[in-house]
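What follows is a short report on a single structure.
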Amino acid sequence: MTDPLPFARRRADTSTPTVIIDGTLTVVTFRNEDNGYTVGKIETEGGGDDIPDLATVVGTMAGIEMGDSLRITGRWMTHPTYGRQLAVESCEVRLPSGRRGLIHFLGGGRIKGVGPKTAEKIVDVLGNDVLQRLERNPALLATVPGISDSRARGIMNQLLDQKEAAAALIFLQEHGLGGAAAHKVWKQYGVETVERVRNNPYRLADEIFGIGFKTADTVARSMGYELDAPFRIAAGLHYLLGRAAMEGHVGLPAEVLIERAAPFLELDEQTVEAVLVGCIEETRLIDDGLIYRPDLHDAEVEVARHARRLIENQTAPLDVDTDAALSWAEEQADLELADDQRVALRTSLTSKLSVITGGPGVGKTTIVRLLVDVLRKQNRKVSLAAPTGRAARRLEQATGREAATIHRLLGIRPAGGGAFQRRDAPLDADVLIVDEMSMVDITLMASVLSALPDEACLILVGDRDQLPSVGPGEVLSAFTASGLVPVSRLTTVFRQAANSGIVRVAHELNAGEMPRFDEATDGQAFWVERPDPEDCLTALRALILERIPQRFGLDPLNDVQVLTPMHRGPVGTIALNENLREVLNPAAPGKPELRRFGRLFRQGDKVMQVRNNYDLEVFNGDIGRITELDEDESLVRIHFEGRDVEYSLDQIDQLEAAFAITCHKSQGSEFPAVLLPLYQSQYMMLRRNLVYTAFTRASKVLVAMGEWAALQRASATVDAGRRFGRLADRMSGEEGLTMVPEPDTTW
612 MTDPLPFARR RADTSTPTVI IDGTLTVVTF RNEDNGYTVG KIETEGGGDD
662 IPDLATVVGT MAGIEMGDSL RITGRWMTHP TYGRQLAVES CEVRLPSGRR
712 GLIHFLGGGR IKGVGPKTAE KIVDVLGNDV LQRLERNPAL LATVPGISDS
762 RARGIMNQLL DQKEAAAALI FLQEHGLGGA AAHKVWKQYG VETVERVRNN
812 PYRLADEIFG IGFKTADTVA RSMGYELDAP FRIAAGLHYL LGRAAMEGHV
862 GLPAEVLIER AAPFLELDEQ TVEAVLVGCI EETRLIDDGL IYRPDLHDAE
912 VEVARHARRL IENQTAPLDV DTDAALSWAE EQADLELADD QRVALRTSLT
962 SKLSVITGGP GVGKTTIVRL LVDVLRKQNR KVSLAAPTGR AARRLEQATG
1012 REAATIHRLL GIRPAGGGAF QRRDAPLDAD VLIVDEMSMV DITLMASVLS
1062 ALPDEACLIL VGDRDQLPSV GPGEVLSAFT ASGLVPVSRL TTVFRQAANS
1112 GIVRVAHELN AGEMPRFDEA TDGQAFWVER PDPEDCLTAL RALILERIPQ
1162 RFGLDPLNDV QVLTPMHRGP VGTIALNENL REVLNPAAPG KPELRRFGRL
1212 FRQGDKVMQV RNNYDLEVFN GDIGRITELD EDESLVRIHF EGRDVEYSLD
1262 QIDQLEAAFA ITCHKSQGSE FPAVLLPLYQ SQYMMLRRNL VYTAFTRASK
1312 VLVAMGEWAA LQRASATVDA GRRFGRLADR MSGEEGLTMV PEPDTTW
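Numbering (the numbering used here), first residue to last: 612 to 1358.
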């Protein structure tokens, strides 16, 4: 590349001269994916006396990744805390030429089987013109010690594949994408990369994980799109609706969308509104009480339609003698059911679609187990499912019957553009029971209902007082509020559960009361007052390493889970994971580790998958351990409760450290011990349903700690964050059940 791509300027001392630094990006300390603002370090290439071997660079550098060879233009500035830094004025991604850059290029994860050590050997043997020499004579690679003929062929095949991608990658990099980001785009689009990006650069923000709208906008602006181009505004509206979906909204009121879009796009509201009207006329967006993306509108309509289909087909759904079934169930289980449990069993056996809801200790699991036993006795085909692998395993253990994730049961796989590809045949079941329904979003629910044949029954089980789904919609709440679906509310707390300190404090909190934590030595739920976050960290380490293992016989790494409301702050996941890694999985000679995507990964780390990967069959929220980390072979092996999964290095941006996780990410899981730090500084997230969800994740011991005032705030704060959607309205009436045809333009 010849001309550097200009990026937004960062204020520096304009009295200092402009400098140009060539080097390789080796560390990403901070990255804002939305606007490309990056703090990193580059190993410089012969810059002169005034340029250090390792320079800190700060500024907007959209899309760059570690291992990229860069030419950076900027001015030196002195930060009061971090010292001398280069404020970036422009940044150009270049093909590597120097030794360091070539080693990072070959050994940075792009080529499987070549890590830094092997890359160093290749460059040392074949020189700095290695890429040109191998292009002329591929057999030279086998002359490098330790590289066999077969391994050399494998490496060369990958280099040839990269040669085919070179034109597309250079095109992307010339328009502002760094090497790793460009490689992701190529991997997704292949030979259609240039055509797709030219036709619609904004699709990158929707379809490529890790690329935000601002990065896509940088590409588009470099291709000539103006700030007020209708296509840009339409893409921004579509993107903001997608971001709203990540907040839980199925759609947004028009005025809310316009208020968000105008400052985001740096335009006035009238200009934005005019384009919104055009998008609606062309059915790129749907105006149906709210402004929807077409896929989410169709999902909401589909859920309402199929729910009504089941409800309206109520004729003797299971043909079961319910009185005899209830008596048989009680006799088989050797227990006497509470009145609300009997009602729940009867309702579930006589309804095509029903809901069972209630808090901890009220017998939801018992009802599900008895339902399965009764239906099996009647020779009915019963399928059990839950949103996550951990929840499915809990359901399987509780019932003694096979259970699966919803995705696996229905054969759901991605079909591009965020859509799902479902099995062609209906589900082969008389009854489907779905547990942990609070986690199910509108899109997944549409898949469930679409797969059910007319004659099947659906029983939904969950706690409506827990956090709603991470994805858009409040499906369980909408079903219970619609007035259409029979709902069984279990409220009787059974004696064994009532003796549990965890169950008691959870119910007290959910009722808006301050929990009464155990003081007796045989208790399960405890409060530890630690007003200073530093003292909290010290107490956390002592509890995890010593007190809980000694008292309860639990393993510090596998059985104890730290939950926290937020990612940032002194007791957020970022700080906690850095702190806890050093005591639970410290660095040691011979223990491999690497930094990728601005994160540290170490063999033995506890990690969480943070997006669904259908090819690997691991899903958002799955927790595992790194059992093997081989940079030379470009692989990371993770053990997920019973099976090993192999990741390539360019896939590990899907993983995060999981010594501490957010309360949201804990949904559907159960841990023997839960530690929960709470502070007033987390005020934005201190809500009753969030802390209630965290409490109910613990099975043996719960330790909440921090500031008592923070717990008081959470107890008194009912989640007022309304999620926009119209599912309950659609279910309760005939209107609004018409699908809108898909637009001609694919976003």
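Glycine included, C-beta positions come from ideal geometry on N, C-alpha and C.
Here the structure is a predicted model, which is why all the values come from computation and not from measurement.
Go ahead and label residue i buried or exposed: buried means 16 or more other beta carbons lie within 10 angstroms of its beta carbon, across all protein chains shown.
| i | result |
| --- | --- |
| Gly757 | exposed |
| Thr1184 | buried |
| Leu838 | exposed |
| Ser962 | buried |
| His1018 | buried |
| Gly738 | exposed |
| Arg695 | exposed |
| Phe641 | exposed |
| Ala1362 | In the structure as shown, the chain begins at 612 and stops at 1358. Residue 1362 is therefore absent and cannot be evaluated. |
| Gln743 | exposed |
| Arg843 | buried |
| His908 | buried |
| Lys798 | exposed |
| Asn1190 | buried |
Between which residues of its own chain and residue i is the CB-CB distance below 8 Å, once the five residues before and five after are set aside?
| i | result |
| --- | --- |
| Glu1353 | Because the pLDDT at Glu1353 is just 41, under 50, the model does not fix this residue reliably, and the value given afterwards should be weighed accordingly. Around Glu1353: Thr894, Pro905. |
| His917 | Ala1057, Leu1060, Ser1061, Leu1063 |
Span of the beta strand (DSSP E) holding residue i?
| i | result |
| --- | --- |
| Phe641 | 630 to 642 |
| Phe1335 | Run containing Phe1335: none; DSSP gives neither H nor E here. |
| Ile1249 | 1246 to 1251 |
| Lys652 | 648 to 655 |
| Cys1068 | 1068 to 1073 |
| Ile1272 | 1271 to 1273 |
| Ile683 | 680 to 690 |
| Asp1255 | 1254 to 1259 |
| Arg904 | Where Arg904 is concerned, there is no enclosing beta strand (DSSP E), given that its DSSP letter is neither H nor E. |
| Leu815 | From DSSP, Leu815 is part of no beta strand (DSSP E) but of the alpha helix (DSSP H) over 814 to 818. |
| Val1173 | 1171 to 1175 |
| Gly847 | First-last for Gly847: 841 to 857, but that is the alpha helix (DSSP H), not the beta strand (DSSP E). |
| Glu1204 | 1204 to 1207 |
| Ser1099 | 1098 to 1101 |
| Arg1213 | 1210 to 1213 |
What are the partner residues of residue i, as DSSP defines its beta bridges?
| i | result |
| --- | --- |
| Val993 | Val1042 |
| Gln1220 | Leu1266 |
| Gly1317 | Glu1140, Leu1289 |
| Ile1237 | Ile1249 |
| Ala666 | Ile653 |
| Phe1282 | Ala1309 |
| Ala1015 | Ala996 |
| Gln696 | Met688 |
| Asp898 | Ile902 |
| Gly709 | Looking at the DSSP assignment, Gly709 forms no beta bridge with any residue, so it has no partner. |
| Ser759 | In the DSSP output, where bridge partners are listed per residue, Ser759 has none listed. |
Looking at the secondary structure, which residues open and close the alpha helix (DSSP H) in which residue i lies?
| i | result |
| --- | --- |
| Ser1058 | 1053 to 1062 |
| Phe1306 | 1299 to 1306 |
| Arg1115 | 1112 to 1121 |
| Thr882 | 880 to 892 |
| Ile733 | 727 to 737 |
| Thr968 | Premise fails: Thr968 lies in the beta strand (DSSP E), 964 to 969, not in any alpha helix (DSSP H). |
| Phe1128 | That residue, Phe1128, is in no alpha helix (DSSP H); it is neither H nor E in DSSP. |
| Leu937 | 933 to 944 |
Sorted by chain position, which residues of the same chain lie with C-beta nearer than 7 Å to residue i's C-beta, five sequence neighbours on each side aside?
| i | result |
| --- | --- |
| Glu866 | none |
| Ala1131 | Per-residue confidence for Ala1131 stands at a pLDDT of 47, beneath the threshold of 50, marking its modelled position as unreliable; no derived number is given. |
| Lys1396 | The chain is shown from 612 up to 1358; residue 1396 falls before or after that span and cannot be answered. |
For residue i, which residues in the same chain have their Cβ closer than 6 Å to its Cβ, ignoring the five residues on either side in sequence?
| i | result |
| --- | --- |
| Ser1292 | Gly1180 |
| Gly1232 | Thr999, Lys1276 |
| Met1296 | Pro1176, Met1177 |
| Val886 | Pro841, Ile844, Ala845 |
Measure from the C-beta of residue i to each C-beta in chain C and report whether the shortest distance is under 8 Å.
| i | result |
| --- | --- |
| Glu870 | Note that chain C does not occur in the displayed structure, where there is just one protein chain. |
Contact the stretch 1084 to 1102 vs the stretch 965 to 972: 3+ CB pairs below 8 Å: yes
Kindly confirm or deny that the stretch 1135 to 1152 and the stretch 1225 to 1232 touch, where touching means at least three C-beta pairs closer than 8 Å. No, they do not touch.
Closer than 8 Å is the cut-off here; do at least three beta carbon pairs connect the stretch 971 to 990 with the stretch 943 to 951? yes
Pairing CB atoms from the stretch 1311 to 1320 with CB atoms from the stretch 1159 to 1173, are three or more of them under 8 Å? Because the criterion of three Cβ pairs below 8 Å is met, the stretch 1311 to 1320 and the stretch 1159 to 1173 touch.
Tell me whether the stretch 854 to 869 and the stretch 1329 to 1339 touch, counting them as touching only if at least three CB pairs, one residue from each stretch, are closer than 8 Å. yes
Is the stretch 746 to 753 touching the stretch 1261 to 1274, taking contact as three or more C-beta pairs under 8 Å? They do not touch, by the three-pair rule.
Cβ contact (3+ pairs, closer than 8 Å) linking the stretch 1191 to 1201 and the stretch 706 to 718: The stretch 706 to 718 and the stretch 1191 to 1201 do not touch, with fewer than three beta-carbon pairs separated by less than 8 Å.
Taking three-plus beta-carbon pairs below 8 Å as touching, is the stretch 1040 to 1051 in contact with the stretch 1063 to 1082? Short answer: they touch.
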